[in-house]
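So the protein sequences, as listed, match chains A and B. Residue 133, in numbering that gives the first Met the number 0, is where the first sequence stops; the numbers in between run on with no holes. Residue 41, in numbering that gives the first Met the number 0, is where the second sequence stops; the numbers in between run on with no holes.
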Amino acid sequence: MVHLRKDYSRFQDAGADVAVVTMGSVEQTAGFCLKHRLSFRCVADPDLAAYQAFRLQRGGIAQIAGPAVWLSGLKSFLRHGTAKPVGRIRQLHGAFVIDTCGILQYVHYPANSFDNPSHDEIVTVLDTLPTTAK
Amino acid sequence: MPLSIGDPAPDVELPDDDGDDVRLSSLWRHRPLLLFFLRHYG
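This is the structure:
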């Protein structure tokens, strides 16, 4: 979340808007976005309608808690502590760049729960897209 | 089957953090949209 907030201006400078979708209720989503000081659009998807529409999968045990995520999980725990998960614990995340015609220009389906998209790659894609204002 | 580059993005209506309904397509109408789906904690 810190990295997303930190790179928000990079994405804006590349001509994009940013939105996040959470699995929480409206109230949980509002609290989460306030807690993390997110200044972009936050939407709630407690029924996972958008998660399913974008074909984001539920991870297996290895993807959520296997050896590939132990080190990243430990680092995250040491840095941020822990909190109660909201939503389906096996639901994986994802990232998409959508152009103004509604076409996907970048997709990221993670290999595991700590596999995050490269913000540099995303900015590279955004730089290729026409925008109405930069 | 995951979506691919070049596919149309699904358009879903969801409530935002104020409780107002938002059609996802309204978010990419004027500028490209970077849409993150989160696994969030607390």
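No residue lacks a Cβ here, since even glycine has one placed at the ideal position from N, Cα and C.
Contact between the segment 50-62 of chain A and the segment 23-36 of chain A (3+ Cβ pairs under 8 Å): no
Chain-ordered chain B contacts of alanine 18 of chain A [CB-CB under 7 Å]: Contacts between alanine 18 of chain A and chain B, judged by CB atoms closer than 7 Å, involve Leu26, Leu32, Leu34 in chain order.
Beta-carbon contacts of aspartate 20 of chain B that lie in its chain and below 8 Å, excluding the five residues immediately before and after: Glu12, Leu13, Pro14
Candidates A:Ala49, A:Pro45, A:Gln90, A:Asp46: closest to glycine 59 of chain A by CA position: A:Gln90
Isoleucine 97 of chain A: contacting residues in chain B (beta-carbon distance under 7 Å): The contacting residues are Ala8, Trp27, Pro31, Leu32, Leu34.
Aspartate 44 of chain A: contacting residues in chain B (beta-carbon distance under 7 Å): Residues of chain B passing the Cβ test: Leu13.
Inter-residue Cα distance where the pair is histidine 29 of chain B and leucine 47 of chain A: 26 Å
Complete alpha helix (DSSP H) runs within the segment 31-67 of chain A (minimum length 4 residues, chain order): 48-52, 60-64
Residue-chain proximity (arginine 54 of chain A, chain B), Cβ-Cβ < 8 Å: yes
Phenylalanine 10 of chain A, DSSP secondary structure in three states: Phenylalanine 10 of chain A carries a helical assignment under DSSP once its states are collapsed to helix, strand and coil.
Neighbourhood of threonine 94 of chain A by C-beta distance below 6 Å, restricted to the same chain and skipping five residues each side: Checking the sequence shown, residue 94 of chain A turns out to be alanine, not threonine. Here the set comprises His107, Pro116.
Span of the alpha helix (DSSP H), counted from its first residue to its last, around threonine 123 of chain A: 118-127
Cβ shell of aspartate 6 of chain B (< 7 Å), same chain only, five flanking positions each side left out: none
For serine 38 of chain A, the nearest candidate out of A:Thr21, A:Val25, A:Leu3 (CA to CA): A:Leu3
Chain-ordered neighbours of arginine 22 of chain B on chain A, where CB pairs are closer than 7 Å: Result: empty, since nearest Cβ-Cβ is about 10 Å, beyond 7 Å.
Chain-ordered chain B contacts of histidine 92 of chain A [CB-CB under 8 Å]: Phe35, Phe36, Leu37, Arg38
Through-space distance from tyrosine 7 of chain A to arginine 36 of chain A, alpha-carbon basis: 12 Å
Residue-chain proximity (glutamine 62 of chain A, chain B), Cβ-Cβ < 8 Å: So, not an interface residue.
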